[in-house]
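So for the sequence shown, my numbering puts the first residue at 134; every next one is plus one. Structure record follows, encoded as structure tokens.
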Amino acid sequence: GFLGGGDVTDLNKMHDVVNRYLDEVFEARSSLDSRQPIIFIYQPVEPESHEPFDLQVGIMVDAGTAWRGSSLRVRQLPPFKCASIEYRGPMSHIGEGYRVLRESVEQAGLTPTGQMREVYVDWHGEDSARTLTELQIGIE
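Spelled out as structure tokens, the structure:
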């Protein structure tokens with residue numbers, strides 16, 4: 134399952150959604166004694182677009198996990214077929230990682246679904262060159 138929360142936002146306001154849910158996700162992860170990485174799920178999203186999209190912030194949890202007492206909820210996510218790469222570096226340059234991934238998807242003749250995910254595998258801070266993020270683009 135996925136334990137998280139989110140809302141419809143756009144590129145200019147997405148930090149508001151992140152700030153609204155991220156502390157709760159960290160608290161839940163600690164309460165569950167979990168080491169699961171934080172995941173952001175964007176859908177539907179077009180890179181560089183200012184159109185609204187749904188942003189969910191959360192962690193993966195075991196099936197049957199119950200959670201009460203905050204705005205987070207547990208739900209099952211449908212299977213997610215994706216192309217992915219690992220990006221190491223600051224968030225200010227994450228667009229370069231997405232550019233490489235989008236080019237790979239296009240060159241392979243794959244069709245994106247409009248969903249993207251960021252899995253924060255090894256977080257050292259927004260500006261750290263050591264931060265490792267798995268970038269995922271949903272494919273048909």
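Every residue gets a Cβ at the ideal spot worked out from N, C-alpha and C, and that includes glycine.
By the C-beta density criterion, Arg250 is buried, having at least 16 other C-beta atoms within 10 angstroms. Taking the CA atoms as reference points, Ile192 sits about 31 Å from Gln240. Nearest to Glu160 by C-alpha distance, out of Glu179, Trp200 and Asp143, is Trp200. Here the alpha carbon of Leu210 sits roughly 22 Å from the alpha carbon of Ser164. According to the DSSP assignment, Gly191 belongs to the beta strand (DSSP E) that extends over Phe186 to Met193.
For Gln240, no beta strand (DSSP E) run applies; the uninterrupted alpha helix (DSSP H) run containing it begins and ends at Ile227 to Gln240, by DSSP.
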